[in-house]
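7 is the number that my numbering gives to position 7 of the sequence shown; each next residue is one higher, with no gaps. Yeah, the Cβ is synthetic: ideal placement off N, Cα and C, and Gly gets one too.
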Amino acid sequence: MTEIKAISEKNLPAICRELASSDERLAYVHSTYGTPPLWARPTGYATLLNIILEQQVSLASAKACFDKLAAHLGDVTPDRFLTISDADLKTIGFSHQKTTYARHLSEAVIEKHIDLDSIHSLPDDKVKAELVKLKGIGTWTADVYLLMAMLRPDVMPRGDIALHSAYQKLTEADNRPGSDDFIEIAERWRPFRSVAARLLWHYYLSERRARKSTP
1 MTEIKAISEK NLPAICRELA SSDERLAYVH STYGTPPLWA RPTGYATLLN IILEQQVSLA
61 SAKACFDKLA AHLGDVTPDR FLTISDADLK TIGFSHQKTT YARHLSEAVI EKHIDLDSIH
121 SLPDDKVKAE LVKLKGIGTW TADVYLLMAM LRPDVMPRGD IALHSAYQKL TEADNRPGSD
181 DFIEIAERWR PFRSVAARLL WHYYLSERRA RKSTP
């Protein structure tokens, strides 16, 4: 396969087939549940803020909080965000810690400490290095932004519990792999670790839906 700089709806199925041809567990996921969604997000401030909200909470909880924020602001921009009081943010669902992180991100964008447009030309490690300079943005947040917003092909989010749980279930292991162990395991899926992550998320969510629908 020719070098791929970004995952797309067009190339995602072929990459899934390539991964499935060399990994029996991913082959099982692909044959059972099909090609995963692309789960693409727009690049920029609003998406990065949304990913901060997703740290250590359910996606549903983070979405509810972000939707309330969007309803309050109209356009989710750093300038508008800084007009909201801490009390209003608490009502919307922001914790004290995430309020601090979100304000720091907003100020960093306004003051041009980070340019979320210019980082598009950088390689993955440089993008990550720029993002993690910001308070509240760690490796997982930077990885998810690279994977879902920038659609980079070879990113495996460090410390993602859903990915670890999916792999544990697929392998019928007694224990969930730790972050370092899982990153080492994921080396086998280069140069398409981002698609392996999508397959594992797809498996995790599909299995969870199946359990909920069982009487």
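Look at the alpha carbon of residue i and the alpha carbon of residue j, and state the distance between them as a whole number of angstroms.
| i | j | result |
| --- | --- | --- |
| Pro153 | Ala196 | 10 angstroms |
| Ile119 | Cys16 | 27 angstroms |
| Arg176 | Pro13 | 28 angstroms |
| Arg103 | Phe81 | 8 angstroms |
| Arg211 | Ser58 | 17 angstroms |
| Ile185 | Ala87 | 44 angstroms |
| Leu116 | Ala71 | 24 angstroms |
| Asp181 | Tyr203 | 20 angstroms |
| Pro36 | Arg198 | 6 angstroms |
| Ala20 | Ala162 | 20 angstroms |
| Tyr75 | Ser206 | The question names Tyr, but residue 75 is Asp in the sequence shown. If you take the alpha carbons of Asp75 and Ser206, they lie about 32 angstroms apart. |
| Glu18 | Arg25 | 13 angstroms |
Using the beta-carbon count (16 or more within 10 Å), is residue i buried or exposed?
| i | result |
| --- | --- |
| Lys98 | buried |
| Thr216 | The structure shown has nothing for residue 216, since the chain only spans 1 to 215. |
| His30 | buried |
Look at the Cβ atom of residue i, then the Cβ atom of residue j, and state whether they are nearer than 8 angstroms.
| i | j | result |
| --- | --- | --- |
| Lys128 | Leu146 | yes |
| Leu48 | Phe66 | no |
| Ala173 | Leu200 | no |
| Met156 | Trp39 | no |
| Trp189 | Asp160 | no |
| Ser106 | Pro78 | yes |
| Gly93 | Lys63 | no |
Report the three-state DSSP secondary structure of residue i (helix, strand or coil).
| i | result |
| --- | --- |
| Lys128 | helix |
| Val57 | coil |
| Thr83 | coil |
| Ser95 | coil |
| Glu107 | helix |
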